[in-house]
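Enquirer: Here it is, the structure in full.
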């Protein structure tokens, strides 16, 4: 069994050159593109995307997914605006050579009576992505409809073509049980976002309550771990002295090293750009 590492490289550097350097230095050859040169993926032009795509390819880096903000908006956002964004993102996905777009499920103060509206708003976006051969990969982000387990279950039942990304830290921040969310969603996940949390605070993988070690032990198929550091407010401690948490690169390196350590401790060996389960472990 293999686990390929991916990352939100904009947390390792702002420019395309800095992002490539952060990925290569950490032996990561997949990227989830969220922003480059300070510009969100949804605002990048096709010409800019072509230039960035060529630079990633030349460095031996494959674009795994577009880390877009699709449907990370208020539930009453005009649908025509979102449909235009979805079409633009599909064109960018073709340029970058990926068939995955990360998306969300709307901010809503009272989710318990918004299920019908969320589904009605998401379906035309999924239709656009499906027509273009792209998967809508839903992230269980906090404060959005699908950020809580019971609403995500409803969403996946109502929209069978919706893919789900399992983000264990987001569930912790939302107050969910890691054991329950692991059992409910890890097996359904199209890939994983890797960060950990204690209460509302994000910490490196393996240092929080998200039970990422249990996630690793329970895997039964090849998959992708996309590292999303989010360590802006993490101060570190004695075992993190070598990282400069005041810099993007220091936080990125810490996040990458932490999940690699966890994989190694749970019976995986690092190869060239991926981790492989050691036989007998």
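Residue numbers (our numbering): 2 to 282. Each residue gets a CB set at the ideal place from its N, CA and C atoms; glycine is no exception.
Leaving out the 5 sequence neighbours to the left and right, which residues in its chain are closer than 8 Å to residue 71 when beta-carbon positions are compared?
Expert: If you number the chain shown from 1, residue 71 lands on position 70. If we look at residue 71 and ignore the five residues flanking it on each side, its Cβ neighbours are 43, 83, 86, 87, 90, 102, 103, 104, 105, 126 and 137.
Enquirer: By DSSP's criteria, residue 275 is part of a beta bridge. Which residues make up the other side?
Expert: On the chain shown, residue 275 is found 274 positions in, with the first residue counted as 1. 5, per the DSSP bridge assignment.
Enquirer: Just list the alpha helix (DSSP H) runs in the region 58-116, keeping only unbroken ones of 4 residues or longer that don't cross its boundaries, in chain order.
Expert: 80-97
Enquirer: Going along the chain, which unbroken runs of the alpha helix (DSSP H) with 4 or more residues stay wholly within the region 206-231?
Expert: 213-219
Enquirer: Determine, using beta-carbon pairs with one atom in the region 240-254 and one in the region 42-61, whether at least three such pairs fall under 8 Å.
Expert: Not touching, per the Cβ criterion.
Enquirer: Distance, Cα to Cα, residue 271 vs residue 227?
Expert: The count along the chain shown starts at 1 and reaches residue 271 at position 270. The count along the chain shown starts at 1 and reaches residue 227 at position 226. Looking at the two C-alpha atoms, the distance is approximately 16 Å.
Enquirer: Tell me, please, whether the region 165-185 touches the region 141-157 by the rule of three or more beta-carbon pairs shorter than 8 Å.
Expert: The region 165-185 vs the region 141-157: in contact.
Enquirer: Since I believe residue 153 is in contact with residue 187 (beta carbons under 8 Å), could you give me their beta-carbon distance rounded to a whole number of angstroms?
Expert: Indexing the chain shown from 1 puts residue 187 at position 186. Indexing the chain shown from 1 puts residue 153 at position 152. Contact doesn't hold; Cβ gap of about 13 Å is too wide.
Enquirer: Tell me the start and end of each unbroken beta strand (DSSP E) in the region 122-155 that is at least 3 residues and wholly inside, in chain order.
Expert: 136-140
Enquirer: Within 10 angstroms of the Cβ of residue 173, are there 16 or more other Cβ atoms? Answer buried if so, exposed if not.
Expert: In the chain shown, residue 173 corresponds to position 172, counting from 1. Result: buried.
Enquirer: Mind checking residue 192: buried by the 16 CB within 10 Å criterion, or exposed?
Expert: Translated into the one-based positions of the chain shown, residue 192 becomes position 191. Sixteen is the threshold: when 16 or more other Cβ atoms of the shown chains lie within 10 Å of the Cβ of residue 192, as they do, the residue is buried.
Enquirer: Is it a yes or a no for the region 14-21 touching the region 229-241, going by three-plus beta-carbon pairs under 8 Å?
Expert: no
Enquirer: Tell me whether the beta-carbon of residue 99 lies closer than 8 Å to the beta-carbon of residue 67.
Expert: Here residue 99 refers to the residue found at position 98 of the chain shown. Here residue 67 refers to the residue found at position 66 of the chain shown. Closer than 8 Å, so yes.
Enquirer: How is the alpha helix (DSSP H) around residue 249 delimited, first residue to last?
Expert: Within the chain shown, the letter at position 248 stands for residue 249. Element bounds for residue 249: 249-266.
Enquirer: Residues in the same chain with beta-carbon distance under 7 Å from residue 23, minus the five sequence neighbours each way, listed in chain order, please.
Expert: As a first step, residue 23 is located in the chain shown; it is residue number 22 there, counting from the start. Once the five neighbours on either side are set aside, the close Cβ partners of residue 23 are 10, 13, 14, 250 and 253.
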